[in-house]
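> Protein sequence lines, in the order shown, are assigned to chains P and R. Taking my numbering, the leading residue of the first sequence gets 735, the next gets one more, and so forth. Taking my numbering, the leading residue of the second sequence gets 12, the next gets one more, and so forth. Sharing a structure below in structure tokens format, with a few things to ask.
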Amino acid sequence: MPAVPFERIDANAPKTARRDPILVVDDIVKRFETPDGVLTAVDHVSLSIAPGEFVGVIGPSGCGKSTLFNVIGGLLDGYEGTVRVAGERVRGPHPAVGMIFQEESTFPWRNVIDNVAFPLEIAGLPKAERYERARRFVKLVGLDGFERRYPAELSGGMRQRVSMARTLAAQPKILLMDEPFAALDEQTRLLLGDKVLQIQQQLKQTTLLITHNITEAVQLSDRIVVMTYRPGKVKRVVEISLPRPRSSEIVSSEAFGRYVAQIWSDLREEASRGLDDEESRKLREADTR
Amino acid sequence: MAQTGGLTLPTAKPWGLPLRPVTALRVAIIVAVVVLWEALSASGWLYRDVVPSLLAIGQAVYATLSDPTFYFHLGTTAYEIGIALLIGGLSGLAVGLLLGGSKFMSRAYEAYLYYLGPCPKIIFFPLMIMWFGVGPGSKVAMGAISCFFPVALNVAGGMREIDKVLIRVGKSFRANTWQMVTKIYLPAMRHPVINGVRLGLGVALIGTLLAETKLSNRGIGFLVIQAYSIFNMPQMYALLIILFVISIGANTVIGRFGGLDEIRRS
Ligand SMILES: Nc1ncnc2c1ncn2[C@@H]1O[C@H](COP(=O)(O)OP(=O)(O)OP(=O)(O)O)[C@@H](O)[C@H]1O
Ligand SMILES: [Mg+2]
């Protein structure tokens, strides 16, 4: 493998391993019982994330990213290994952790503003305060004017922005995002990425972004974890030493291009392994019929 | 919603027909039935008053509605159905939540509901009389038993249909059990729940009235059977029409609850 020289452009970039990590994922193994036998979705994955760090996780479809996401968020059990938030072992959803889900997750019976105010309502904030804050976050994702609309009246990308605003409104110290931009067009994706980065820097949020979009991962992350196709292991960790604050303009820089190329070569191997796997499975199934 | 801003299209039809074809057809059918009915009633082909004239029925409706004892009977039936709906609906909701929430419980018990659900509840009436007496108690019991099954089955099914990611959202925001039930499970299930209550109301009405016609001394069902026993045909038709209107009204009210946000749903 040719070594690509990545000089650290920003000498003050956080040396992640040195600081006390706020989120530790230690040797997670998660298996599912399926009709075809046991499937190992996540295989000995370890991660350690420093406060304020932005980590991207990238890997081909079906490699176990969402499974890892749910384990870290405390929504799945029956796994091996441990997840720790600020040194404390996670056994269920942690108050410092906010999650944005891959699936469509707005509440169809609540309008936009009530969707966004949901976590604040759960936390018992007074009405005036929670609507004030909800309105701020609705605006942030560019949906002002749609406060009274119901999800069924919005486009898929707008609904995804509602769920983003909902989680951001809770202002979690640690933000987990599972392909939050997948339903958006490229321009909206870049602009919303800028917004998320802005909030993240303001709140000094620790962020884990799951994606299969390389540009998005490089644009936003301090570090990118590349996962292998089934079983999902960590294939490589790439430090992204692009200067902060970043904006979406960075995507046209030369250094950016080099990172994208390196990650793409890693990922292509895995993605094609995934495709081969799918194809041979289909062939096998066709044979047995 | 219906305004077309700016653009003014000629909406009135040039030949000025006041009714849409569907409405016209409906009116035509009603007129035809009325005419046939009157003709049949006047012809005297059928035994005595089996088909009384509409005028006689109209008078009977008026007489019934202006008779204070009618309201005593109506009140009795409404009370019986109300209590039946409350008992049957709440127990159906509880059992439905239990079955929908636990795979184990549903495997163990749901089959019984499917077997008992369609069975005619009137066969329990003799038992209910022995347990609860001949008064309103046994009628309430009949209504409640009838109402229980559709509510329980609809709630159980509705609970399983809830989008799992919405539950994960609630959990990720650390909603407690009460908040999960009131802010996620119930609103997510409002359509099957309301559907269940609607079906439940229908069968509670049947259960209660049927019981009243069998053995009782008050209630609308009792009035119908009394009118029958003295062969007061206009009175019977009048009661049926009143009942019909009331049950349509009740159904509409319940439908409104669920239909209100129909358009806002995905
Ligand atoms: N509840 C489950 N039961 C059985 N198998 C599961 C379950 N959840 C996930 N899997 C399997 O685990 C593997 C990883 O799934 P996961 O959803 O984590 O993938 P992913 O990396 O998020 O994919 P994508 O990028 O397409 O969202 C898949 O092969 C999937 O079929
Ligand atoms: Mg996924």
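Even for Gly, the Cβ is constructed at its ideal location relative to N, Cα and C.
According to DSSP, which residues form a beta bridge with ASP912/P?
Answer is ILE944/P, bridged to ASP912/P.
> Just mark PRO739/P as buried or exposed, buried being the case when its beta carbon has 16 or more other beta carbons within 10 Å.
With a pLDDT of 38 at PRO739/P, under the threshold of 50, the modelled position of this residue cannot be trusted, and the question is left open.
> So, are the CB atoms of GLU91/R and GLY144/R less than 8 Å apart?
Result no, Cβ atoms of GLU91/R and GLY144/R do not sit closer than 8 Å.
> For a cutoff of 8 Å on Cβ pairs, would you count PRO769/P as touching chain R?
No - not a single Cβ of chain R is within 8 Å of the one on PRO769/P.
> For LEU164/R, decide whether its Cβ has a neighbour in chain P, counting only Cβ atoms nearer than 8 Å.
So, not an interface residue.
> Is the segment 881-898 of chain P close to the segment 833-840 of chain P, with three or more CB pairs under 8 Å?
Short answer: they touch.
> By Cβ distance below 8 Å, which residues in the same chain neighbour THR15/R in space, the five residues on each side in sequence not counted?
In this prediction, THR15/R has a pLDDT of 43, which is less than 50 and means its spatial position is unreliable; nothing more can be read from the coordinates.
> Just list the residues that DSSP pairs THR949/P with in beta bridges.
None; THR949/P has no bridge partner.
> For ARG37/R, does the count of other Cβ atoms within 10 angstroms reach 16, so buried, or fall short, so exposed?
So ARG37/R ends up on the exposed side.
> Would you say PRO853/P faces chain R, with C-beta separation under 8 Å as the test?
With 8 Å as the cut-off, PRO853/P counts as an interface residue toward chain R.
> Please say whether VAL204/R and GLY230/R have beta carbons closer to each other than 8 Å?
It is not a contact, given that the beta carbons lie outside the stated cut-off.
> To test your reading of the DSSP string, which unbroken alpha helix (DSSP H) runs of 4 or more residues are found completely within the segment 788-812 of chain P?
Listed in chain order, the complete alpha helix (DSSP H) runs (minimum 4 residues) inside the segment 788-812 of chain P are 799-806.
> If we define contact as Cβ-Cβ less than 8 Å, is LYS182/R a contact residue for chain P?
Interface residue, yes.
> May I have a chain-ordered list of the alpha helix (DSSP H) segments no shorter than 4 residues that lie completely inside the segment 191-246 of chain R?
Fully enclosed alpha helix (DSSP H) runs of 4 or longer: 201-225, 231-240.
> Helix, strand or coil for PHE766/P per DSSP?
Looking at PHE766/P - three-state DSSP - the assignment turns out to be strand.
> Classify ILE944/P as buried or exposed, calling it buried when 16 or more other Cβ atoms lie within 10 Å of its own Cβ.
Under this definition ILE944/P is a buried residue.
> Could you work out which residues of chain R lie near MET911/P, taking near to mean beta carbons separated by less than 9 Å?
None at all; the shortest Cβ gap to chain R is about 12 Å.
> Would you say LEU773/P touches ligand 1, meaning its beta carbon is less than 7 Å from a heavy atom?
At least one heavy atom of ligand 1 is nearer than 7 Å to the Cβ of LEU773/P, so yes.
> Where does the unbroken alpha helix (DSSP H) through ALA39/R begin, and where does it stop?
Unbroken alpha helix (DSSP H) run through ALA39/R: 32-54.
> Run through chain R and tell me which residues come within less than 7 Å of PRO827/P, C-beta to C-beta.
Under the 7 Å cutoff, chain R gives LYS182, SER183, ARG185.
> Indicate, with yes or no, if ligand 1 has a heavy atom lying under 7 Å from the CB of LYS873/P.
LYS873/P: no, Cβ never under 7 Å from ligand 1.
> Taking 7 Å as the cut-off, does the CB of SER897/P come closer than this to any heavy atom belonging to ligand 2?
Every heavy atom of ligand 2 is 7 Å or more from the Cβ of SER897/P, so no.
> Buried or exposed: where does ARG1015/P fall if 16 or more other Cβ atoms within 10 Å of its Cβ makes it buried?
When all chains shown are included, ARG1015/P counts as exposed.
> So is GLU863/P buried or exposed if we call it buried at 16+ other beta carbons inside 10 Å?
When all chains shown are included, GLU863/P counts as exposed.
> Below 7 Å on C-beta distance, what does LEU177/R contact in chain P?
Under the 7 Å cutoff, chain P gives SER839, PHE841.
> So, under 8 Å CB-CB, SER227/R and LYS150/R are touching, yes? Tell me the CB distance rounded to an integer number of Å.
That belief holds up - the Cβ atoms of SER227/R and LYS150/R are roughly 7 Å apart, short of 8 Å.
> Beta carbon of GLN894/P: closer than 7 Å to some heavy atom of ligand 3?
Only ligand 1 and ligand 2 can be found as ligands here, which leaves ligand 3 out of the picture.
> Measure the alpha-carbon distance for ARG765/P versus LYS799/P and round it to whole angstroms.
Approximately 13 Å between the Cα atoms of the pair.
> Since PHE117/R is in the alpha helix (DSSP H), which residue starts that stretch and which ends it?
Looking at the sequence provided, one finds Ser at residue 117/R rather than Phe. Per DSSP, SER117/R belongs to the alpha helix (DSSP H) from 114-127.
> Just the C-alpha distance for PHE115/R and SER987/P, rounded to the nearest angstrom, thanks.
If I take the Cα positions, the gap works out to 58 Å.
> Under the three-state reduction of DSSP, which class applies to SER277/R: helix, strand or coil?
Any reading at SER277/R is ruled out, since the residue's pLDDT is 41, under 50, leaving its predicted position unreliable.
> By DSSP, does THR840/P sit in helix, in strand, or in coil?
Three-state DSSP puts THR840/P in coil, outside helix and strand.
> Evaluate ASP777/P with the Cβ neighbour count: other Cβ atoms within 10 Å of its Cβ, from every protein chain shown; 16 or more gives buried, anything less gives exposed.
Counting Cβ neighbours within 10 Å, ASP777/P comes out buried, since at least 16 surround it.
> Suppose you measure from the CA of TRP843/P to the CA of ALA951/P; what does that come to, to the nearest Å?
Roughly 33 Å between the two C-alpha positions.
> Out of ASP928/P, GLU1012/P, ALA916/P, which has the shortest C-alpha to C-alpha gap to VAL875/P?
Ranking ASP928/P, GLU1012/P, ALA916/P by Cα distance to VAL875/P puts ASP928/P first.
> When every heavy atom of ligand 2 is checked, does at least one fall within less than 7 Å of the C-beta of GLU680/P?
The question about residue 680/P has no answer, for chain P in this structure spans 735 to 1023.
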